[in-house]
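Participant: Residue numbers (the numbering used here): -11 to 378. Dumping the structure here so I can ask a few things about it.
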Amino acid sequence: YFDGWKAYDNNPFHLTQNPQGVIQMGLAENQLSFELIEQWVLNNPQASICTAQGLQEFKDTAIFQDYHGLPEFRYAVANFMGKVRGNRVTFNPDRIVMSGGATGAHEMIAFCLADPGDAFLVPTPYYPGFDRDLRWRTGVQLIPVVCESENNFRITRSALEEAYERAQEDNIRVKGLLITNPSNPLGTILDRETLVSLVSFINEKNIHLVCDEIYAATVFSQPAFVSIAEVIEQENVSCNRDLIHIVYSLSKDMGFPGFRVGIVYSYNDAVVNCARKMSSFGLVSTQTQHLIASMLSDDEFVDTFIVESAKRLARRYATFTRGLAQVHIGSLKSNGGLFIWMDLRRLLKEKTFEAEMALWRVIINEVKLNVSPGASFHCSEPGWFRVCFA
-11 YFDGWKAYDN
-1 NPFHLTQNPQ
9 GVIQMGLAEN
19 QLSFELIEQW
29 VLNNPQASIC
39 TAQGLQEFKD
49 TAIFQDYHGL
59 PEFRYAVANF
69 MGKVRGNRVT
79 FNPDRIVMSG
89 GATGAHEMIA
99 FCLADPGDAF
109 LVPTPYYPGF
119 DRDLRWRTGV
129 QLIPVVCESE
139 NNFRITRSAL
149 EEAYERAQED
159 NIRVKGLLIT
169 NPSNPLGTIL
179 DRETLVSLVS
189 FINEKNIHLV
199 CDEIYAATVF
209 SQPAFVSIAE
219 VIEQENVSCN
229 RDLIHIVYSL
239 SKDMGFPGFR
249 VGIVYSYNDA
259 VVNCARKMSS
269 FGLVSTQTQH
279 LIASMLSDDE
289 FVDTFIVESA
299 KRLARRYATF
309 TRGLAQVHIG
319 SLKSNGGLFI
329 WMDLRRLLKE
339 KTFEAEMALW
349 RVIINEVKLN
359 VSPGASFHCS
369 EPGWFRVCFA
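Written out as structure tokens, the structure reads:
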């Protein structure tokens, strides 16, 4: 995964200056709607303190601010989170805790919920960065929940129970279950039935459920995205809300990874208070908060952006999967995220992860494409690759 990034950085493709370079298809960035953002910035120069129109805000922005975040920023983010979930659920601005990107948010929630040596269950395949974000400084372990292609990598109760029992046998204390919805790298969403089952599981075990929903607005076709926030509102769902936490970000839905805007939203008062204290070490700059609050408060722009971004992602997904089909390459059917889960199992010389890595080296060294091998995502089966298309 990270070796592919290095290969691209050392030899980046350029249409005229370096046509034999590596094409980057291993980075989940949403660049398809950048010009909509750029046009908004041009039309709203007062939103930036670095323009003549915004200079009057400079002093108020440059001095010390509330470490909890600007009230208008927290309100705008809470409102946006509701919008991308179809306004089927509302979020309380007072429960929004900001962080330097989802990376910082995940580490913060791990520090709040677990001690060194404790573990989170994580369904496979999962984002490789979790091994860094949740483990490096916290001492927390990640225990894979094995999901398989025969049922399209769905999370089953039996797989959860098996992983939990394995941890118990090894005397590892499981503190939570971490899911990503929509999934990275699968691009699939968890349906309501599965989410209800997960809530039942964590309630029964009295462990936490951390839901990474940073791709919520990237769902480009039916079925619609269902947030864990909706599920716990259902009358037929019995749930201890103190166990439910959401990680969110603007990096994927708005295409702002460089702005480092991450969010922890917890239904647990103690976690909110703890995370708020920890957030002092990874705040979002006030300048960024000011700009984001202005942009997300523009309802007409936000509504247009969400719809248009989904249309563009749908078109790109269709173009990409159609091209793969023409050369007889399949992929897992998906409807969200910024990537596809490509099936190259028939191209392996043998059904091993060594063969998968050999194929990856051919792809990156000879074909000059940086795609990410399934082993990087802890996939249980060799031959799957993540390809970013946005």
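We put the beta carbon where it would ideally sit given N, CA and C, even for glycine.
Are the CB atoms of Leu335 and Leu320 nearer to each other than 7 Å?
Facilitator: Numbered from its first residue, the sequence shown carries residue 335 at position 347. Numbered from its first residue, the sequence shown carries residue 320 at position 332. No.
Participant: On the DSSP letters alone, give me the boundaries of the beta strand (DSSP E) that Trp329 sits inside.
Facilitator: Numbered from its first residue, the sequence shown carries residue 329 at position 341. Start and end: 327 to 331.
Participant: To the nearest whole angstrom, what separates the beta carbons of Ile390 and Val252, a pair I think is in contact under 8 Å?
Facilitator: Here the chain comprises residues numbered -11 to 378, so residue 390 is not present and cannot be evaluated.
Participant: Nearest-angstrom Cα distance between Ile131 and Thr4?
Facilitator: As a working note, residue 131 is residue 143 in the sequence shown. As a working note, residue 4 is residue 16 in the sequence shown. One C-alpha to the other measures close to 46 Å.
Participant: Thinking Leu166 and Phe99 are a contact (beta carbons under 8 Å), I'd like their distance in whole angstroms, please.
Facilitator: One-based indexing of the sequence shown puts residue 166 at position 178. One-based indexing of the sequence shown puts residue 99 at position 111. With a Cβ gap of about 14 Å, Leu166 and Phe99 do not count as contacting.
Participant: Quick check on DSSP: helix, strand or coil for Val295?
Facilitator: What you label residue 295 is simply residue 307 of the sequence shown in a count that begins at 1. In this structure, Val295 counts as helix in the three-state DSSP scheme.
Participant: Starting from Arg62, follow the alpha helix (DSSP H) in both directions and report where the run begins and ends.
Facilitator: Counted from its first residue, the sequence shown places residue 62 at position 74. It spans 59 to 71 - the alpha helix (DSSP H) in which Arg62 sits, taken as one unbroken run.
Participant: Once the 5 residues before and after Pro211 are set aside, which same chain residues still bring their CB inside 8 Å of it?
Facilitator: The residue labelled residue 211 in the question sits at position 223 within the sequence shown. Correct list, in chain order: Ile177, Asp179, Asn323.
Participant: Pick from Lys337, Glu296, Val359: whose alpha carbon is nearest that of Leu20?
Facilitator: The sequence position of residue 20 within the sequence shown is 32, counting from 1. Considering only alpha carbons, the answer is Glu296.
Participant: Taking DSSP's pairing of strands, which residues face Gln12 in a bridge?
Facilitator: For the purposes of this step, residue 12 is taken as the residue at position 24 of the sequence shown. Beta-bridge pairing links Gln12 to Asn358.
Participant: Nearest CA to the CA of Leu186: which residue from Ser215, Ala(-5), Leu101, Gln275?
Facilitator: Numbered from its first residue, the sequence shown carries residue 186 at position 198. Of Ser215, Ala(-5), Leu101, Gln275, the smallest CA-CA separation from Leu186 is found for Ser215.
Participant: Out of Arg125, Trp(-7), Leu197, Asp103, which one is the CA nearest neighbour of Leu148?
Facilitator: Taking the sequence shown and counting its residues from 1, the one referred to as residue 148 is at position 160. Checked all of Arg125, Trp(-7), Leu197, Asp103; the closest Cα to Leu148 is Leu197.
Participant: Name the two residues that bound the continuous alpha helix (DSSP H) containing Val260.
Facilitator: Your numbering for residue 260 matches position 272 in the sequence shown. Run containing Val260: 257 to 266, per the alpha helix (DSSP H) assignment.
Participant: What is the DSSP secondary structure of Gln129, reduced to helix, strand or coil?
Facilitator: Here residue 129 is taken as the residue at index 141 of the sequence shown, counted from 1. Strand, per DSSP.
Participant: Can you tell me the Cβ-Cβ gap for Ser254 and His278, rounded? I've got them flagged as a contact below 8 Å.
Facilitator: Numbered from its first residue, the sequence shown carries residue 254 at position 266. Numbered from its first residue, the sequence shown carries residue 278 at position 290. Ser254 to His278, Cβ: 25 Å. No contact.
Participant: Count the other CB atoms, across all protein chains shown, that sit within 10 Å of the CB of Ala93; report buried if there are 16 or more and exposed otherwise.
Facilitator: Here the question's residue 93 lines up with position 105 in the sequence shown. Buried, by the Cβ-count rule.
Participant: So, Ala379 versus Lys163, is the Cβ gap smaller than 7 Å?
Facilitator: The chain is shown from -11 up to 378; residue 379 falls before or after that span and cannot be answered.
Participant: If I measure Cβ to Cβ from Leu183 and keep anything under 7 Å in the same chain, skipping five residues before and after, which residues do I get?
Facilitator: Taking the first residue of the sequence shown as 1, we reach residue 183 at position 195. Excluding sequence neighbours, Leu183 sits near Val214, Ile216, Val219.
Participant: Using beta-carbon positions only, say whether Arg377 and Phe269 come within less than 7 Å of one another.
Facilitator: Within the sequence shown, residue 377 is the residue found at index 389, counting from 1. Within the sequence shown, residue 269 is the residue found at index 281, counting from 1. As written in the sequence, residue 377 is Phe, which differs from the Arg given in the question. Their beta carbons are not under 7 Å apart, which means Phe377 does not touch Phe269 by this criterion.
Participant: Taking the alpha helix (DSSP H) that Met283 falls in, what are its first and last residues?
Facilitator: On the sequence shown, position 295 is the one that residue 283 refers to. Where Met283 is concerned, the enclosing alpha helix (DSSP H) stretches over 274 to 284.
Participant: Is the Cβ-Cβ distance between Phe373 and Leu332 less than 7 Å?
Facilitator: Within the sequence shown, the letter at position 385 stands for residue 373. Within the sequence shown, the letter at position 344 stands for residue 332. In contact: Phe373 and Leu332 (Cβ atoms closer than 7 Å).
Participant: For His196, name the three-state secondary structure that DSSP assigns.
Facilitator: Indexing the sequence shown from 1 puts residue 196 at position 208. Here His196 sits in strand by DSSP.
Participant: From which residue to which residue does the alpha helix (DSSP H) around Tyr(-4) run?
Facilitator: Along the sequence shown, read from residue 1 onward, the residue named residue -4 stands at position 8. Note, Tyr(-4): alpha helix (DSSP H), -10 to -2.
Participant: Do you know whose CA, among Leu174, Val128, Phe68, Gly105, lies nearest Asn139's CA?
Facilitator: Position 151 of the sequence shown, counting from 1, holds the residue named residue 139. Among Leu174, Val128, Phe68, Gly105, the Cα nearest to that of Asn139 belongs to Leu174.
Participant: Hey, out of Asp(-9), Gln275, Tyr115, Asp(-3), whose CA is closest to Cys367's CA?
Facilitator: Stepping through the sequence shown from its first residue, residue 367 is reached at position 379. It is Tyr115 whose Cα lies nearest to the Cα of Cys367.
Participant: If you follow the alpha helix (DSSP H) that Cys367 is in, where does it begin and where does it stop?
Facilitator: As a position in the sequence shown, residue 367 is number 379, starting the count at 1. In the DSSP annotation of this structure, Cys367 is not part of any alpha helix (DSSP H), being labelled neither H nor E.
Participant: Would you kindly work out how many angstroms separate the C-alpha atoms of Gly318 and Gln156, rounded to a whole number?
Facilitator: The residue labelled residue 318 in the question sits at position 330 within the sequence shown. The residue labelled residue 156 in the question sits at position 168 within the sequence shown. C-alpha separation (whole angstroms): 38 Å.
Participant: Do Met96 and Gly57 have their beta-carbon atoms positioned less than 7 Å apart in this structure?
Facilitator: Mapped onto the sequence shown, residue 57 falls at position 69. Mapped onto the sequence shown, residue 96 falls at position 108. Contact flag unset, no.
Participant: State the DSSP-derived secondary structure class of Ser188, mapped to helix, strand or coil.
Facilitator: For this step, residue 188 is matched to residue 200 along the sequence shown. Helix.
Participant: What are the start and end residues of each continuous beta strand (DSSP E) run of 3 or more residues lying completely inside the stretch 71 to 141, in chain order?
Facilitator: 84 to 88, 107 to 111, 129 to 133
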